[in-house]
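First up is the structure itself, then whatever we jot down about it.
There are 2 protein chains.
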Amino acid sequence: MSPEQVIGSINGINAKPMRVGVLGFGGLGQAAARVLAPKQEMKWVAAADQKGYAYDTQGLNADACIGIYRAQGSLGYFEPSGTLSNRSIQDLIERADGVEGYFLALPNLPNTFMATVAQQFIESGWRGVLVDALKRTSAVEQLLELKDELQKAGITYLTGCGATPGLLTAAATLAAQSYAEIHSVKITFGVGIANWEAYRATIREDIAHLPGYNVERASAMSDAEVEALLDQTQGILALENMEHADDVMLELAGICPRDRVTVGGIVDTRNPKKPISTNVQVTGRTFEGKISTHTFTLGDETSMAANVCGPAFGYLKAGISLHRRGMYGLLTAAEVMPQFVR
Amino acid sequence: MSPEQVIGSINGINAKPMRVGVLGFGGLGQAAARVLAPKQEMKWVAAADQKGYAYDTQGLNADACIGIYRAQGSLGYFEPSGTLSNRSIQDLIERADGVEGYFLALPNLPNTFMATVAQQFIESGWRGVLVDALKRTSAVEQLLELKDELQKAGITYLTGCGATPGLLTAAATLAAQSYAEIHSVKITFGVGIANWEAYRATIREDIAHLPGYNVERASAMSDAEVEALLDQTQGILALENMEHADDVMLELAGICPRDRVTVGGIVDTRNPKKPISTNVQVTGRTFEGKISTHTFTLGDETSMAANVCGPAFGYLKAGISLHRRGMYGLLTAAEVMPQFVR
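Top to bottom, those sequences are chains A and B.
Following the numbering used here, the residues of the first sequence are numbered contiguously, the last one being 342.
Following the numbering used here, the residues of the second sequence are numbered contiguously, the last one being 684.
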C-alpha cells in the first residue's frame, strides 16, 4: 500500500465488517460480546476462555455463547464452533487467521500475563491489532518493552484502552491542550456493581490495591475470603494513590511527569449505583498565567462494562485503520483518537 | 519513508524543533505567537497579516512582532525580517519553504476565505500541514471539497481544530465511545472578554449568528455599528442553534447525524469573566439500554485564546507526525488525537 494515500475517510475504511475476537470470557469478555452484537462494522468471530475457544467466520452469537459458558464453564462446549483446549489462546491464534484484531479482556493475573499473551501473538506469526484494558503501570511498562518486537512482527498493539486508563486518559490528553503546563491530573472513579461475583477477577485486582495486599495475595484469595473482606467494609473498597498506568501513559504522551497523575476511587460491590461520579480533573497554567481546571465526568448510569468495552472497540477500530496503513508497534490510549463503531 | 515503521514514539518525533508559521495576526494570531514563545518543540518562524509578512528561520520574537503590529499596523514593518506586500500570504508561502506547518488564524470573512487560502497552498507546490480553527459548517464543507486536491498536493489539512469545533468536538468523540447510540451532543459556550476591540473579527463572526444578521452584513459593520449593537444588549451576545461545524465533523466521524448536534453560547464583551462554563454534553444509550450523559467542562479561567490556540498547535503537532509518515489529505479534529506541545 502506498504511504501517500487519502486519510480523510478514516471512518469509511471498509464496507466489509472487521472480523474481531475477544480473549477472556469473564464479566468483561461477556460484556464485550454484548457490545459487539448490534454492530454493523465489526463481526465477532472468535473468543477464548481458560478451557477452550470458539471460532466461526460467520459470526458468534453472544447470547448463545454466554449461555453455554455459564452452563458448562467453557466456550469449548459450544456447538459446532467450540473446541476444548488447555492452550486455548495459542490454538485459537493458530486457527483463526482471518481475525483482524482482538480485545484482550483477560484478567492480568499474574501481572505479567498480558505481556505473555502478546509474546504468543508475536511468536505465532499472526499480524493484526491487539487492544488491552490493562490497569497497572508495571503491566503497561512490560508491554512497552515489547515495542520493537511488536513492530517487527507486524502487530499494532494499543495498551491501556479501557475506562481508566483509556477513556479518561485520552480525555486528560485533550484537556491538557488548553494549558502551557500541567500541574495535576486527578482521576477519581466510582464503580457500583450489584454483585461482586460477576466480576471476580476485577474485584481481586481492586483488592490488590488496598494497603497490605498485592496482586499475588489478592489473586490467591478464595471467594469466601473476598466475601469476608467485603463484609468488614460493608461492600465498599476505597482506593487511593493506586498504581494506575494513566501516569506512565500521560508521561509518554509528554503531558506531565508521572508523579503529577493520581488515581483513586470507591467501589461499591453491593449496589449498582455509583458511590461517586467518575471524573478526571486536569489542572494547569495557561499561556497567560491563569491556573484553571478542565473536568470530564462520566454519566452515573454508564457501567464499568460500557466505559471499558466501548472505548476498547473504538481503539480497536482506530488500530485496524493504522494497521491497514502499515503502521505497527505499540501505542497507548493517550496517543490515538478512538473511532466510533457503528 | 517505509510505511512499516515504529509508531510507538509519536511524541519523540524529532529533537529539532518543528518550524511553524501563523497566518493572520489579529487577536488570535497574536495569542498564537505568545502560546508558541515558550515551546521547545516548535519554533515560530513565519507570520503574515493583510499588509505584509515576517519570516526568520532563526525564529520570530512574539513581543517584538506584536509591538510592531500594534504600532505600525503590519508585520511588514518588522526589521530585518518583515516585508510589506499586498499579497502577503502568497509571498510568504513562496519564500518560506522551510515551514513544516501553519496555523491559519485568519478571520474567515468572507465565508470562503479559508478555502481560498488552502487553494493558494495547493497551487504553490508547498507540502506541509495546515490547521484551521474554522467555525461554520459551510466553511468546513468547502474544505471537504478540496480533500482530493490536498491529498494530491502532499498537504495534510486539519480543519475545525480550535475550541468549538475542535477541543469540544474531540471530547464529544471520546465521550461517545461509552454508548451504543448517541442521542444528542449539546455544546454550550461562555466567553468573557474585557474589550471586544481586541477580537474585532471574532465578534463580527459571532454577530453574524444573531437573528437578522449574516456573515456579509456582520463583516460590513463599522466599529461604531458594532458598538451600538453591543450597547443595546449590555455587551451580551446570546447565540442559539448556531451553524457550527461540530455537527458535520461528528457526522463524518460516524458519531451521529448532524441534526443531533446543537451549539449555543453566551458572549459577554464587557467582562473577562465567563457568563457560563463552556461544556459539551453527550447523551446516549449504552449497550445495556441505559440512558446517560457524559460532560466535559472547561475551567472558567481559561480564555478563548488558550482553548483555541492550544488545541490548534496540538493538532499541528499531530498533523506534522502524520505528514512525516506520508499521510496527506483532509482530517477533522474529531479524527485525530492532538499531541501536547512542550
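Don't be surprised by glycine CBs; every beta carbon is placed ideally from N, CA and C.
Predicted model, so just to flag it, every value in this text is computed and none were measured.
Interface flag, residue i vs chain B, CB-CB below 8 angstroms
{"i": "residue 174 of chain A", "result": "yes"}
{"i": "residue 38 of chain A", "result": "yes"}
{"i": "residue 5 of chain A", "result": "With a pLDDT of 37 at residue 5 of chain A, under the threshold of 50, the modelled position of this residue cannot be trusted, and the question is left open."}
{"i": "residue 300 of chain A", "result": "yes"}
{"i": "residue 342 of chain A", "result": "yes"}
{"i": "residue 14 of chain A", "result": "Residue confidence for residue 14 of chain A is low, a pLDDT of 49 falling below 50, so the modelled location carries little weight and cannot support an answer."}
{"i": "residue 314 of chain A", "result": "yes"}
{"i": "residue 194 of chain A", "result": "no"}
{"i": "residue 149 of chain A", "result": "no"}
{"i": "residue 10 of chain A", "result": "Confidence in residue 10 of chain A is poor, its pLDDT being 42 and thus under 50, which makes the residue's placement unreliable; the coordinate value appears in the next sentence. Closer than 8 angstroms: yes."}
{"i": "residue 120 of chain A", "result": "no"}
{"i": "residue 255 of chain A", "result": "yes"}
{"i": "residue 57 of chain A", "result": "no"}
{"i": "residue 34 of chain A", "result": "yes"}
{"i": "residue 177 of chain A", "result": "yes"}
{"i": "residue 100 of chain A", "result": "no"}
{"i": "residue 62 of chain A", "result": "no"}
{"i": "residue 245 of chain A", "result": "no"}
Beta carbon of residue i nearer than 8 angstroms to that of residue j
{"i": "residue 474 of chain B", "j": "residue 503 of chain B", "result": "yes"}
{"i": "residue 670 of chain B", "j": "residue 492 of chain B", "result": "yes"}
{"i": "residue 532 of chain B", "j": "residue 179 of chain A", "result": "no"}
{"i": "residue 120 of chain A", "j": "residue 89 of chain A", "result": "yes"}
{"i": "residue 550 of chain B", "j": "residue 556 of chain B", "result": "yes"}
{"i": "residue 255 of chain A", "j": "residue 173 of chain A", "result": "yes"}
{"i": "residue 683 of chain B", "j": "residue 513 of chain B", "result": "no"}
{"i": "residue 633 of chain B", "j": "residue 94 of chain A", "result": "no"}
{"i": "residue 76 of chain A", "j": "residue 82 of chain A", "result": "yes"}
{"i": "residue 334 of chain A", "j": "residue 242 of chain A", "result": "no"}
{"i": "residue 672 of chain B", "j": "residue 448 of chain B", "result": "no"}
{"i": "residue 482 of chain B", "j": "residue 443 of chain B", "result": "no"}
{"i": "residue 306 of chain A", "j": "residue 338 of chain A", "result": "no"}
{"i": "residue 235 of chain A", "j": "residue 270 of chain A", "result": "yes"}
{"i": "residue 441 of chain B", "j": "residue 362 of chain B", "result": "yes"}
{"i": "residue 389 of chain B", "j": "residue 371 of chain B", "result": "yes"}
{"i": "residue 218 of chain A", "j": "residue 204 of chain A", "result": "yes"}
{"i": "residue 197 of chain A", "j": "residue 285 of chain A", "result": "no"}
{"i": "residue 210 of chain A", "j": "residue 168 of chain A", "result": "no"}
Minimum Cβ-Cβ distance from residue i to chain A less than 8 angstroms
{"i": "residue 456 of chain B", "result": "no"}
{"i": "residue 591 of chain B", "result": "no"}
{"i": "residue 416 of chain B", "result": "no"}
{"i": "residue 653 of chain B", "result": "yes"}
{"i": "residue 446 of chain B", "result": "no"}
{"i": "residue 680 of chain B", "result": "yes"}
{"i": "residue 412 of chain B", "result": "no"}
{"i": "residue 629 of chain B", "result": "yes"}
{"i": "residue 541 of chain B", "result": "no"}
{"i": "residue 633 of chain B", "result": "yes"}
{"i": "residue 649 of chain B", "result": "yes"}
Nearest-angstrom beta carbon gap, residue j and residue i [assumed within contact, 8 angstroms]
{"i": "residue 92 of chain A", "j": "residue 55 of chain A", "result": "6 angstroms"}
{"i": "residue 134 of chain A", "j": "residue 114 of chain A", "result": "6 angstroms"}
{"i": "residue 402 of chain B", "j": "residue 386 of chain B", "result": "5 angstroms"}
{"i": "residue 187 of chain A", "j": "residue 263 of chain A", "result": "4 angstroms"}
{"i": "residue 654 of chain B", "j": "residue 445 of chain B", "result": "5 angstroms"}
Buried/exposed call for residue i, threshold 16 Cβ in 10 Å
{"i": "residue 534 of chain B", "result": "buried"}
{"i": "residue 467 of chain B", "result": "exposed"}
{"i": "residue 356 of chain B", "result": "Caution applies to residue 356 of chain B, whose pLDDT of 49 falls short of 50 and renders its modelled position unreliable; the model cannot decide the point."}
{"i": "residue 152 of chain A", "result": "exposed"}
{"i": "residue 399 of chain B", "result": "exposed"}
{"i": "residue 294 of chain A", "result": "buried"}
{"i": "residue 678 of chain B", "result": "buried"}
{"i": "residue 1 of chain A", "result": "Only weak support exists for where residue 1 of chain A lies, its pLDDT of 32 falling under 50; the value from the coordinates is given anyway. Counting Cβ neighbours within 10 Å, residue 1 of chain A comes out exposed, since fewer than 16 surround it."}
{"i": "residue 383 of chain B", "result": "buried"}
{"i": "residue 458 of chain B", "result": "exposed"}
{"i": "residue 353 of chain B", "result": "With a pLDDT of 44 at residue 353 of chain B, under the threshold of 50, the modelled position of that residue is not reliable, and the figure given next carries that caveat. It is buried - the Cβ of residue 353 of chain B has at least 16 other Cβ atoms within 10 Å."}
{"i": "residue 506 of chain B", "result": "buried"}
{"i": "residue 274 of chain A", "result": "buried"}
{"i": "residue 299 of chain A", "result": "buried"}
{"i": "residue 84 of chain A", "result": "exposed"}
{"i": "residue 375 of chain B", "result": "buried"}
{"i": "residue 142 of chain A", "result": "buried"}
Could you tell me which uninterrupted alpha helix (DSSP H) segments, each at least 4 residues in length, are contained entirely in the region 74-102 of chain A, listed from first to last along the chain?
88-95
Of all the beta strand (DSSP E) runs that stay within the bounds of the region 272-325 of chain A, which reach a length of 3 or more residues?
279-285, 291-297
Runs of alpha helix (DSSP H) lying entirely within the region 124-156 of chain A, each at least 4 residues, in chain order
137-144, 147-153
Contained beta strand (DSSP E) runs [length at least 3] in the region 218-252 of chain A, N- to C-terminal order:
236-239
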